[in-house]
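So that you can map any letter, position 121 of the sequence shown is 121 in the UniProt record's numbering, and since no number is skipped, the others follow by simple counting.
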Amino acid sequence: MSNSRKPILSVKFFIQDPINHDHIVYRWMTPISVRHLDWDKVIEKLHCVTSKKYSGFEMTWYDGFHHCVLTNTKDLRKAVELMQNRRTEDNCVRLHVRAIPKLLRPECRSQITNDTEFSAFYTQRFH
Numbered sequence: 001m002s003n004s005r006k007p008i009l010s011v012k013f014f015i016q017d018p019i020n021h022d023h024i025v026y027r028w029m030t031p032i033s034v035r036h037l038d039w040d041k042v043i044e045k046l047h048c049v050t051s052k053k054y055s056g057f058e059m060t061w062y063d064g065f066h067h068c069v070l071t072n073t074k075d076l077r078k079a080v081e082l083m084q085n086r087r088t089e090d091n092c093v094r095l096h097v098r099a100i101p102k103l104l105r106p107e108c109r110s111q112i113t114n115d116t117e118f119s120a121f122y123t124q125r126f127h
């Protein structure tokens, strides 16, 4: 009996920006070999796709019942193995990604004020 399964042809990332709630859908066109799949390479690719504007990413995949969190290469490989057993119309592994914003720019942070009116209401007290 021959194995008629086609290999997964690509990874489809659904990247969510938590600040403005935009979604980026990116299809990474690469045949997937599970044993060569690496967490750091995936994170590097996500940074490349998003022009390095995020500090990191949280990834999940849907196992048919729950959105399962991916945290390392082992999780990623197991998810891909399981998804390869379930065929999709577009022949993709689907990963849901929440982008983690970088810290606020200095001009957006709270500033220390010397305003005497403000300081009069909020005097420091040490007991």
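Every residue gets a Cβ at the ideal spot worked out from N, C-alpha and C, and that includes glycine.
Residue j beta carbon less than 7 Å from that of residue i
i	j	result
Trp39	Thr73	yes
Phe57	Val97	yes
Ile19	Ser55	no
Ser10	Cys92	yes
For residue i, three-class secondary structure by DSSP
i	result
Arg87	coil
Leu37	coil
Thr71	coil
Leu95	strand
Ile43	helix
Asn20	coil
Extent of the continuous beta strand (DSSP E) to which residue i belongs
i	result
Thr60	54-62
Phe13	10-16
His66	From DSSP, His66 is part of no beta strand (DSSP E); its letter is neither H nor E.
Nearest-angstrom Cα separation, counted from residue j out to residue i
i	j	result
Leu70	Glu89	23 Å
Asp22	Gln16	6 Å
His65	Arg87	Residue 65 is actually Phe in this sequence, not His. So the two alpha carbons sit approximately 16 Å from each other.
Val34	Glu81	7 Å
Asn85	Val42	21 Å
Met83	Glu44	22 Å
Expected contact under 8 Å - CB spacing of residue i and residue j to nearest Å
i	j	result
Leu37	Leu76	6 Å
Phe13	Leu46	7 Å
Near the ligand ATP: residue i beta-carbon under 6 Å from a heavy atom
i	result
Lys74	Absence of the ligand ATP is noted for the structure shown, with no ligands found whatsoever.
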